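J.: The structure that follows is given in the form of structure tokens.
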Amino acid sequence: MAKRDSSNDSFVSRSRLMLNAEEAQKNDFIFFNNAVLGQGLALTPVIAAATTLKNAVILAIAAVVLIIPARILGDATVGWIKTRLRIIFYAVLSALLLIPDMFFLSKWFGGSFISVGIYVPLLFVDGVVTWRASVAQREGARHVFRNAFSTAIGYASVICIIGAIREILGKGTIWGVRLFQGPLFSAASVIPGGFLVTALVAACWQSISSFFKKIIFAGGKTGG
Amino acid sequence: MVKELISRFSELMVIGLSGAFLSNAVLCRAMGLDRIKNIEEDSDEIIFCILQFACSMLTSLLFWIAKKLVYIPASLLEKAGVSEYYSRAFLWPLLIAVLTAAVFFAVFVITVKIAPYDKVTSAARQLPFAAFNTFAAGVILIGASAGYSFLETLFYVAGANLGYAVANWMLREGNRRLQNREIPAAFRGLPARLLYLSGLALAFYSLTGRSLSSLL
């Protein structure tokens, strides 16, 4: 009898662990539900403008400044503004936030800011900023801040990784410091190369992500 | 006179065709890719393309007029230490957002009045994302930074939308063929689509006269 009780206890605790792991995976916007690799958002700046690490950092800072306040204020409008019209609120708010954002970025980065071209101004309609506009459920202040922050960090990490890879391959440098005599693969600096590098990074992410999911769920199943 | 008109028209056609093919906004500038993940789930792509065309065309023409009216006092710019060009560019996103919002309501009213009854719901559902996306805003910004005249803007935006429709059709056709069990698990979905787009982008890139050897 005591043996059966202890096996039941271990089953319950393992099931709880599995549920916690599932919940954690659902709410993870840095890795498992990454905005770029998991949801296919914000591909425009990643493919077109993140040709160097510096460009990627500019785009990451610009987006982080938009994502967090837009998501928090956007969540507050649920129930006040019709779901179909909320995208207008997100776009106008992001465009307003972009004014000081671009002002400081142009001061800090000077010439490098010009090389990013129209891709910083374009962030105000980017999916990574506006995708929650179509969601009619309220998340709550703490929850929305945590999700917005992890979405922004997930986006910033991916764009910086892709920017660094493309700079090393396309120019043979990193943050302008020469690593190789010449470029290893010049095409990495242009759009077709951007698609290719992003595809390969997405494939790596997909295999690592499914490996972790297998560990989590297989562990739970064998435990039961 | 006729010769001049023909020459002007051919110039405009070149701008339009370059917007469609030489500098295709989707394949050469990676714009409008937010729908890449669920493009095959949506059967009303034609409605989306028509709405996007209407919104981007009307907004870009309004923006062409509005951007000439934006005036920032030189003393203010001097104080802030930014050039006039920059300061205008800082305000462009806000101007585009406000104009797109106005166009959004106008297109919504027109759509409800003229669209067939069975298509109204689909159009209303798609309109927000047809009006506010990186492609629609991107063509306006490109047209503005290129300094196109009113007519040139009209031809460029029309050409860019034609290019979007072509790229969208190719992507949908590609997606149908990419649903194959022989594709390795790591490449299924987004990576396979991006690889396919990479090939298409390379093909369009060659239209600009660059050779493969310059890329390797």
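Sequence order for the protein chains is A and B.
Read in order, the letters of the first sequence correspond to residues 1 to 224 in our numbering.
Read in order, the letters of the second sequence correspond to residues 1 to 216 in our numbering.
Beta carbons: idealized from backbone N, C-alpha and C, even for Gly.
All of these numbers come straight from a predicted model, not from anything done at the bench.
1) Report all residues from its chain with a CB closer than 8 Å to the CB of A164/A; omit the five preceding and five following residues, and keep chain order.
2) Are the C-beta of F124/A and some C-beta of chain B separated by less than 7 Å?
3) Comparing alpha-carbon positions, which option in V78/A, A187/A, I61/A and S186/A lies nearest I153/A?
4) Just the chain B side, please: which residues come within less than 8 Å of L96/A by C-beta, in chain order?
5) What are the complete alpha helix (DSSP H) segments, minimum 4 residues, inside the segment 138-224 of chain A?
6) DSSP puts V78/A in a beta bridge; with which residues?
7) Quick one: Cα of G224/A to Cα of A185/B, how far?
8) Ignoring anything shorter than 4 residues or poking outside the segment 82-107 of chain A, list the alpha helix (DSSP H) runs there in chain order.
9) Please classify V65/A: does DSSP put it in a helix, a strand, or coil?
10) I need the DSSP call for F31/A, collapsed to helix, strand or coil.
11) So for C49/B, helix, strand or coil by DSSP?
12) Hey, could you find the ends of the alpha helix (DSSP H) Q39/A is sitting in?
13) Applying a beta-carbon distance threshold of less than 7 Å, which residues of chain B neighbour G194/A?
14) Closest Cβ-Cβ distance between R166/A and chain B: below 7 Å?
15) Using a Cβ-Cβ cutoff of less than 8 Å, which residues in the same chain neighbour T66/B once the five nearest sequence positions on both sides are dropped?
16) Between F48/B and chain C, is any beta-carbon pair separated by less than 7 Å?
17) Cα separation between V120/B and L12/B?
18) When you compare only the Cα positions, how much space is there between A201/B and L27/B?
19) What is the residue span of the alpha helix (DSSP H) that I183/B lies within?
20) Would you grab the beta carbon distance between F149/A and I58/A for me? Rounded to a whole angstrom, and I think it's under 8 Å.
21) Output needed for V103/B: all residues of its chain with C-beta closer than 6 Å, excluding positions within five of it in sequence on either side, in chain order.
22) I'd like the list of long-range same chain contacts for F32/A, defined as Cβ closer than 7 Å, with 5 residues on each side in sequence excluded.
23) Quick check on T208/B: buried or exposed, where buried means 16 or more other Cβ atoms within 10 Å of its Cβ?
24) Between L41/A, G74/A, I30/A and A42/A, which has its C-alpha nearest A141/A's C-alpha?
25) Measuring only the C-alpha atoms, how far is V128/A from L69/B?
26) Consider the Cβ of G40/A: report whether some Cβ of chain B lies at a distance smaller than 7 Å.
27) Please list the partners that Y205/B has in chain A, where partner means a Cβ-to-Cβ separation under 8 Å.
28) For Q179/B, does the count of other Cβ atoms within 10 angstroms reach 16, so buried, or fall short, so exposed?
29) Would you mind telling me which residues of chain B sit closer than 7 Å to G127/A, beta carbon to beta carbon, in chain order?
30) Please confirm if I15/B has its CB atom under 7 Å from at least one CB of chain A.
31) Could you pull out every residue in the same chain whose Cβ sits closer than 6 Å to the Cβ of R280/A, ignoring the five residues on either side in sequence?
32) Who are the near neighbours of I216/A in its chain, counting only those whose CB is closer than 8 Å to its CB and skipping five residues on each side?
33) Using a Cβ cut-off of 8 Å, pull out every chain A residue sitting near I142/B, in sequence order please.
34) Going straight from the alpha carbon of P45/A to that of M1/B, what length do you get?
35) Using a Cβ-Cβ cut-off of 7 Å (strictly less than) and excluding sequence neighbours within five positions of A144/B, which residues of its own chain qualify?
T.: Working from what's here:
1) Here residue 164/A refers to the residue found at position 164 of the first sequence. Result list for A164/A: L53, A56 and I174, in chain order.
2) Along the first sequence, one-based indexing puts residue 124/A at 124. So, interface residue.
3) Sequence index remark: in the first sequence, residue 153/A carries index 153 (1-based). When C-alpha distances from I153/A are compared across V78/A, A187/A, I61/A and S186/A, the shortest belongs to I61/A.
4) Here residue 96/A refers to the residue found at position 96 when the first sequence is read from its first residue. Those are L94, listed as they occur along chain B.
5) 141-171 and 191-223, all fully within the segment 138-224 of chain A.
6) Here residue 78/A refers to the residue found at position 78 of the first sequence. The partner list for V78/A (beta bridge, DSSP) reads I81/A.
7) As a working mapping, residue 224/A is identified with position 224 in the first sequence. As a working mapping, residue 185/B is identified with position 185 in the second sequence. Only weak support exists for where G224/A lies, its pLDDT of 37 falling under 50; the value from the coordinates is given anyway. Here the alpha carbons of A185/B and G224/A stand approximately 27 Å from one another.
8) Runs found: none.
9) Position 65 of the first sequence holds residue 65/A. Residue state, collapsed to three classes: helix.
10) The residue given as residue 31/A occupies position 31 in the first sequence. Three-state result, F31/A: coil.
11) Within the second sequence, numbered from 1, the residue matching residue 49/B stands at position 49. DSSP places C49/B in helix when its eight states are reduced to three.
12) Residue 39/A sits at position 39 when you count from the first residue of the first sequence. In the DSSP assignment, Q39/A falls outside any alpha helix (DSSP H), carrying neither H nor E.
13) One-based indexing of the first sequence puts residue 194/A at position 194. Simply A30.
14) Within the first sequence, the letter at position 166 stands for residue 166/A. Output row for R166/A: interface = no.
15) For the purposes of this step, residue 66/B is taken as the residue at position 66 of the second sequence. Inspection of the sequence shows that residue 66/B is occupied by Ala rather than by Thr. These residues qualify, in order along the chain: L95 and L99.
16) The structure shown has no chain C; the protein chains it does contain are A and B.
17) The sequence position of residue 120/B within the second sequence is 120, counting from 1. The sequence position of residue 12/B within the second sequence is 12, counting from 1. If you draw a straight line from the Cα of V120/B to the Cα of L12/B, it is about 34 Å long.
18) Start at 1 with the first residue of the second sequence, and residue 201/B comes out as number 201. Start at 1 with the first residue of the second sequence, and residue 27/B comes out as number 27. Those two C-alpha atoms are separated by around 5 Å.
19) On the second sequence, residue 183/B is found 183 positions in, with the first residue counted as 1. Where I183/B is concerned, there is no enclosing alpha helix (DSSP H), given that its DSSP letter is neither H nor E.
20) Locating residue 149/A in the first sequence gives position 149, where the first residue counts as 1. Locating residue 58/A in the first sequence gives position 58, where the first residue counts as 1. The Cβ separation is near 20 Å, so there is no contact.
21) As a first step, residue 103/B must be located in the second sequence, where it is residue number 103. These residues qualify, in order along the chain: C55, L58 and T59.
22) If you number the first sequence from 1, residue 32/A lands on position 32. Here the set comprises Q25, G38 and S209.
23) Here the question's residue 208/B lines up with position 208 in the second sequence. With fewer than 16 other CB atoms across the displayed protein chains lying within 10 angstroms of its CB, T208/B is exposed.
24) Position 141 of the first sequence holds residue 141/A. Comparing Cα positions, the closest option is G74/A.
25) Taking the first residue of the first sequence as 1, we reach residue 128/A at position 128. Taking the first residue of the second sequence as 1, we reach residue 69/B at position 69. For V128/A and L69/B, the distance between alpha carbons rounds to 31 Å.
26) The residue labelled residue 40/A in the question sits at position 40 within the first sequence. Yes, G40/A counts as interfacial toward chain B.
27) If you number the second sequence from 1, residue 205/B lands on position 205. In chain order, V190, I191 and P192 make up the part of chain A whose C-beta sits under 8 Å from the C-beta of Y205/B.
28) Looking up residue 179/B in the second sequence gives position 179. Around the beta carbon of Q179/B, fewer than 16 other beta carbons lie within 10 angstroms, which makes this residue exposed.
29) If you number the first sequence from 1, residue 127/A lands on position 127. The contacting residues are D34.
30) Along the second sequence, one-based indexing puts residue 15/B at 15. Under the Cβ distance rule, I15/B does not count among the residues neighbouring chain A, no pair being separated by less than 7 Å.
31) Beyond the ends of chain A as shown, which are 1 and 224, falls residue 280/A; an answer cannot be given.
32) Counting from 1 along the first sequence, the entry for residue 216/A is found at position 216. Closer than 8 Å at the Cβ level, and outside the excluded window around I216/A, lie M18, A21, E22 and Q25.
33) Translated into positions along the second sequence, residue 142/B becomes position 142. The contacting residues are I118.
34) Locating residue 45/A in the first sequence gives position 45, where the first residue counts as 1. Locating residue 1/B in the second sequence gives position 1, where the first residue counts as 1. Rounded to whole angstroms, P45/A to M1/B spans 45 Å at the Cα level.
35) Sequence index remark: in the second sequence, residue 144/B carries index 144 (1-based). Excluding its 5 nearest sequence neighbours in each direction, A144/B has C-beta neighbours in its own chain below 7 Å: F63, K67 and W92, listed in chain order.
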